[in-house]
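In the working numbering, the protein residues as written are 1181 to 1478. From the three backbone atoms N, C-alpha and C, an ideal C-beta is built for every residue, glycine too. None of the values given here were measured: they were computed from a predicted structure.
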Ligand SMILES: Cc1cc2nc3c(=O)[nH]c(=O)nc-3n(C[C@H](O)[C@H](O)[C@H](O)COP(=O)(O)OP(=O)(O)OC[C@H]3O[C@@H](n4cnc5c(N)ncnc54)[C@H](O)[C@@H]3O)c2cc1C
Ligand code: FES
């Protein structure tokens, strides 16, 4: 079946031809956010590249830890704020452990950007509903800040973010400060808000991320694009909710991960049917997912 979406850019193959070479970058800062989920800030050694490195929210890079290997990582910063690339990385295995052991000022390699990214130009003029679970906030933070930096080009903006406990909330200070802004609805939920002496009190809701829908009244579904990212169980319940609300399948954008090697459609590691998730994704519409159920296991 041919996917019937119109939102996503499938011409990214052409754009990635000249970005195979890793560029030298410096790890300028490490910000511990939650346990084993730190924010890493990088600057290219070439100052010109720092200013000219162009990417879209939702794209990823291949990050090389010299002497260890490379891993695909989403860019968490927004292209509207130049000079530093931010990546939120979960400590998983060989490459990410080596990153956690790097002292600040160490060199790394960065090649990219890869993937299609969010179709931000086509999203302009629409309302946007961002729904994130856990580490899913990493790629969506880029989209969120991109929209905030171009606020007058988008309609209503709603963010719903859920984690297990307050200690798992990524970008907590940043998101709590957004709850005070009048130009977006920033709704945060944790499943359990236990308190311990000295803990920063939780001011968000208690419940599942899907419970947050009750606080976002009168969503104009035909004019809204939903961008969602989280673990498989999150997709199951959030999709159920969106479909019940009559969201069109091509207005639901999902950021999906697969094992990847080259990142540029050459090695075939990420192929599903006729698609390479590294160049045709990582952003897919729900329509794509229906046509390629191997993309995600619920
Ligand atoms: C497009 C894309 C964007 C990504 N963005 C981020 C990000 O922003 N932050 C982040 O922390 N991680 C991200 N990842 C996942 C990250 O690439 C992997 O966690 C990383 O490759 C692990 O490398 P490692 O050498 O540390 O672990 P390894 O030693 O390779 O593996 C450790 C464990 O993780 C599993 N694993 C490795 N890669 C994946 C994967 N892609 N999917 C599922 N399981 C995997 C392995 O099976 C093993 O159990 C992204 C992946 C993709 C494809
Ligand atoms: S990672 Fe090599 S083809 Fe996609």
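Discussion item. Here's the rule: buried if 16 or more other CB atoms are within 10 angstroms of the residue's CB, otherwise exposed. What is residue 1457?
Written reply: Position 277 of the chain shown, counted from the first residue, corresponds to residue 1457. The Cβ neighbour count for residue 1457, taken over all protein chains shown within 10 Å, is at least 16; the residue is labelled buried.
Worksheet item: Got a sec, what are the start and stop residues for the alpha helix (DSSP H) residue 1275 sits in?
Response: In the chain shown, the residue the question calls residue 1275 occupies position 95. Per DSSP, the unbroken alpha helix (DSSP H) holding residue 1275 starts and ends at 1274-1280.
Discussion item. Can you give me the C-alpha to C-alpha distance between residue 1447 and residue 1459, rounded to a whole angstrom?
Written reply: The residue given as residue 1447 occupies position 267 in the chain shown. The residue given as residue 1459 occupies position 279 in the chain shown. Cα-Cα distance, rounded: 12 Å.
Worksheet item: Which whole-angstrom value describes the C-beta separation of residue 1392 and residue 1367, a residue pair presumed to lie in contact below a C-beta threshold of 8 Å?
Response: The count along the chain shown starts at 1 and reaches residue 1392 at position 212. The count along the chain shown starts at 1 and reaches residue 1367 at position 187. The pair is a contact, with the Cβ atoms about 4 Å apart (cut-off 8 Å).
Item to complete: Quick one: grab the DSSP three-state call for residue 1266.
Response: Counting from one through the chain shown, the residue named residue 1266 turns up at place 86. Of the three classes helix, strand and coil, the one that applies to residue 1266 here is strand, per DSSP.
Worksheet item: What residues in its chain sit with their C-beta under 7 Å from that of residue 1327, if we drop five residues either side in the sequence?
Response: Here residue 1327 is taken as the residue at index 147 of the chain shown, counted from 1. Excluding residues up to 5 positions away in sequence, 1308, 1334 and 1337 lie with their Cβ nearer than 7 Å to the Cβ of residue 1327 in the same chain.
Worksheet item: residue 1229 lies in the alpha helix (DSSP H); which residues open and close that run?
Response: Taking the first residue of the chain shown as 1, we reach residue 1229 at position 49. In this chain, the alpha helix (DSSP H) harbouring residue 1229 covers 1227-1232.
Practice prompt. Could you check what DSSP says for residue 1246 in three-state terms: helix, strand or coil?
Written response: The count along the chain shown starts at 1 and reaches residue 1246 at position 66. Three-state DSSP puts residue 1246 in coil, outside helix and strand.
Worksheet item: Say the cut is 8 Å; is the CB of residue 1376 nearer than that to a heavy atom of ligand 2?
Response: On the chain shown, position 196 is the one that residue 1376 refers to. Flag unset: Cβ of residue 1376 not near ligand 2.
Worksheet item: Cβ of residue 1445 versus every heavy atom of ligand 2: is any distance shorter than 8 Å?
Response: For the purposes of this step, residue 1445 is identified with residue 265 of the chain shown, where counting begins at 1. Result yes, Cβ under 8 Å from ligand 2.
Worksheet item: When the Cα atoms are used, what is the spatial distance from residue 1185 to residue 1379?
Response: Position 5 of the chain shown holds residue 1185. Position 199 of the chain shown holds residue 1379. Confidence at residue 1185 is low in this model, with a pLDDT of 43, below 50, so the placement of that residue should be treated as unreliable; the coordinate-derived value is given next. Note on geometry: alpha-carbon atoms of residue 1185 and residue 1379 lie some 46 Å from one another.
Worksheet item: When the Cα of residue 1411 is compared with those of 1429, 1264, 1389 and 1372, which residue comes out closest?
Response: The residue given as residue 1411 occupies position 231 in the chain shown. Ranking 1429, 1264, 1389 and 1372 by Cα distance to residue 1411 puts 1389 first.
Worksheet item: CB-CB under 6 Å to residue 1280, same chain, minus the five flanking residues each way: which ones, in chain order?
Response: Position 100 of the chain shown, counting from 1, holds the residue named residue 1280. For residue 1280, where only same-chain residues beyond five positions count, the Cβ hits under 6 Å are 1271.
Worksheet item: Under 8 Å from any heavy atom of ligand 2, does the C-beta of residue 1200 make it?
Response: One-based indexing of the chain shown puts residue 1200 at position 20. Answer for residue 1200: no, Cβ out of range of ligand 2.
Worksheet item: With DSSP run on the structure shown, which of helix, strand or coil describes residue 1435?
Response: For the purposes of this step, residue 1435 is taken as the residue at position 255 of the chain shown. Strand.
Discussion item. Please state the DSSP three-state secondary structure of residue 1196.
Written reply: Your numbering for residue 1196 matches position 16 in the chain shown. For residue 1196, the predicted model reports a pLDDT of 41, less than 50, meaning its position is unreliable and no value from the coordinates is stated.
Worksheet item: Within the present structure, is the beta-carbon of residue 1251 separated from the nearest heavy atom of ligand 1 by less than 8 Å?
Response: Stepping through the chain shown from its first residue, residue 1251 is reached at position 71. Under cutoff, so the answer is yes.
Discussion item. Using the Cβ count rule (16 or more neighbours within 10 Å means buried), how would you classify residue 1416?
Written reply: As a position in the chain shown, residue 1416 is number 236, starting the count at 1. Exposed.
Worksheet item: Buried or exposed: which applies to residue 1228, given that a residue is buried once 16 or more other Cβ atoms fall within 10 Å of its Cβ?
Response: Position 48 of the chain shown, counted from the first residue, corresponds to residue 1228. With fewer than 16 Cβ atoms within 10 Å of its Cβ, residue 1228 is classed as exposed.
Worksheet item: Which residues in the same chain as residue 1181 place their Cβ atom closer than 8 Å to its Cβ, once the five residues preceding and following it in sequence are excluded?
Response: As a working note, residue 1181 is residue 1 in the chain shown. In this prediction, residue 1181 scores a pLDDT of 36, lower than 50, which makes its location untrustworthy; no coordinate-derived value is stated.
Item to complete: Mind checking who residue 1330 pairs with in its DSSP beta bridge?
Response: Locating residue 1330 in the chain shown gives position 150, where the first residue counts as 1. DSSP, once it has assigned bridges, lists no residue as partnering residue 1330.
Worksheet item: At a cut-off of 8 Å, is residue 1412 close to ligand 1 when judged by its beta-carbon and the heavy atoms of the ligand?
Response: Here residue 1412 corresponds to residue number 232 of the chain shown, with the count starting at 1. Residue 1412: no, Cβ never under 8 Å from ligand 1.
Worksheet entry | Beta-carbon contacts of residue 1304 that lie in its chain and below 7 Å, excluding the five residues immediately before and after | Numbered from 1 along the chain shown, position 124 holds the residue referred to as residue 1304. Once the five neighbours on either side are set aside, the close Cβ partners of residue 1304 are 1333 and 1334.
Discussion item. Going by beta-carbon coordinates alone, are residue 1223 and residue 1264 separated by less than 9 Å?
Written reply: Counting from 1 along the chain shown, the entry for residue 1223 is found at position 43. Counting from 1 along the chain shown, the entry for residue 1264 is found at position 84. Cβ distance < 9 Å, so residue 1223 and residue 1264 count as in contact.
Practice prompt. Count the other CB atoms, across all protein chains shown, that sit within 10 Å of the CB of residue 1299; report buried if there are 16 or more and exposed otherwise.
Written response: By 1-based counting over the chain shown, the position of residue 1299 is 119. Its Cβ being crowded by 16 or more others within 10 Å, residue 1299 is buried.
Practice prompt. Could you give the DSSP three-state label for residue 1345: helix, strand or coil?
Written response: For the purposes of this step, residue 1345 is taken as the residue at position 165 of the chain shown. Coil, per DSSP.
Worksheet item: How would you label residue 1260, buried or exposed, when you count the other beta carbons within 10 angstroms and need 16 or more for buried?
Response: As a first step, residue 1260 must be located in the chain shown, where it is residue number 80. Residue 1260 is classed as exposed because its beta carbon has fewer than 16 other beta carbons within 10 Å across all chains shown.
Practice prompt. Using beta-carbon positions only, say whether residue 1395 and residue 1365 come within less than 9 Å of one another.
Written response: The residue you call residue 1395 lines up with position 215 of the chain shown. The residue you call residue 1365 lines up with position 185 of the chain shown. Yes, Cβ-Cβ distance for residue 1395 and residue 1365 is below 9 Å.
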